[in-house]
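Undergrad: For the sequence shown, numbering that gives the first Met the number 0 gives the first residue as 0, with consecutive numbering after it.
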Amino acid sequence: MQITAADAEALCTIARKAGERIMPYFRRAHGVRSKKDASPVTDADIAAHDTILEALAKTFPGVAVISEEDQMPPQLLRHAPFFLVDPLDGTRSFMRGEGEFSVNIGLVEDCLPRYGVLFAPVLDVLYYGGGGGAFRRRGQEESERIHCRKPPESGMVVTRSRSHAAARTQAYLDSLAIGEILPASSAVKFGWVADGSADLYPRFGRTMEWDTAAGHAIVEAAGGRVTLTDGVSPLVYDKPGFENPGFIVRGLS
């Protein structure tokens, strides 16, 4: 499935509209309840979910959508293109009043991420990209092409989860020459690797495909890599249960 410039702009608009639906709930009553896996879901998650699914159905009719806040399909989609959506990535951060949460929309085909859009409403920054390169748009500014960078001699900048600190992650970081650590609670960590703000994002804890597909596509479009923890095997999608193994996101070597 080819994403045209018009398609890319439409996806960016959809992500922004979802962010606009979220913001009235920020630092206010959330209407929190628990899902089957005991993770929280809020009224903001549902509002963004409804906005995205309605818009994708109109703009990309016939393309399947899998959202964190929806029922899982009865079978894998195999080689057909489909969207993976996390309407509000970083729900716990959102509930704490932190502004790092994001809207994630990723396009997957043949088990690989082909295009991605990330929008962080509070930060007012949009990342997007695929085969034609990776881009960042701050506020109402013009989009700018972004690239991963080589780590500075002073030590690499590492971004890691703020909410899910695994012992294995710390053990891995202890083996590296690190200049700075940037914690965050959503897929903005992928954006930071893509634009050269960070050099590495290791994740050994549990994630789902909708957490990573959009950011994965953007990082690779910016020249980076996303692999399993062996540093070689690719992170693939459309897996049974849509759960990811551990992975490492790298900028340029």
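From the three backbone atoms N, C-alpha and C, an ideal C-beta is built for every residue, glycine too.
None of the values given here were measured: they were computed from a predicted structure.
Return helix, strand or coil for Ile2, following the three-state DSSP convention.
TA: coil
Undergrad: Can you pull the DSSP bridge partners for Arg135?
TA: Tyr126, Glu143
Undergrad: Only counting the same chain, and skipping five residues up and downstream in sequence, which positions put a Cβ closer than 7 Å to that of Arg137?
TA: Asp123, Val124
Undergrad: As a quick exercise: from Glu53, Arg20, Ala56, pick the residue whose alpha carbon is nearest that of Ala47.
TA: Minimum Cα distance to Ala47 is reached at Arg20.
Undergrad: Do the stretch 127–143 and the stretch 201–209 touch if we need at least three Cβ pairs shorter than 8 Å?
TA: no
Undergrad: Identify every run of the beta strand (DSSP E) within the stretch 51–86, keeping only runs that are complete inside it and at least 3 residues long; order them along the chain.
TA: 63–66
Undergrad: Would you kindly report the start and end of the unbroken beta strand (DSSP E) that includes Glu179?
TA: 177–183
Undergrad: Could you say which of Ser252, Ile247, Val107, Glu99 lies nearest to Ala79 if we only look at CA atoms?
TA: Val107
Undergrad: Which whole-angstrom value describes the C-beta separation of Ser184 and Ser92, a residue pair presumed to lie in contact below a C-beta threshold of 8 Å?
TA: 3 Å
Undergrad: What number of angstroms, rounded off, separates the C-alpha of Asn243 from the C-alpha of Arg32?
TA: Answer to the nearest angstrom: the Cα atoms are 24 Å apart.
Undergrad: Under a three-way DSSP split, which group does Ser160 fall into?
TA: strand
Undergrad: Just tell me which of Glu179, Glu53, Glu152, Arg26 has its CA closest to the CA of Thr41.
TA: When each option's Cα is compared against that of Thr41, the closest is Arg26.
Undergrad: Alpha carbon to alpha carbon, how far is Glu82 from Pro39?
TA: Before going on, a small fix: residue 82 reads as Phe here, not Glu. If I take the Cα positions, the gap works out to 22 Å.
Undergrad: In three-state DSSP terms, what is Pro23?
TA: helix
Undergrad: Give a yes or no on whether the C-beta atoms belonging to Arg161 and Glu99 are separated by under 9 Å.
TA: yes
Undergrad: Select from Thr228, Arg205, Trp191 the residue whose C-alpha is nearest the C-alpha of Ile217.
TA: Trp191
Undergrad: Please state whether DSSP places Ser101 in a helix, a strand or coil.
TA: strand
Undergrad: In whole angstroms, what separates the C-alpha of Gly245 from that of Ala213?
TA: 17 Å
Undergrad: Apart from the five residues on each side of it in sequence, which residues of its chain come closer than 7 Å, Cβ to Cβ, to Val225?
TA: Cβ within range, chain order: His215, Val218, Glu219, Leu234, Phe246, Val248.
Undergrad: Is Thr228 closer than 9 Å to Phe189 when the C-beta atoms are compared?
TA: no
Undergrad: Measuring only from the beta carbon, is Val248 closer than 8 Å to any heavy atom that is part of the ligand PLP?
TA: Ligands in the displayed structure: none, and consequently the ligand PLP is not present.
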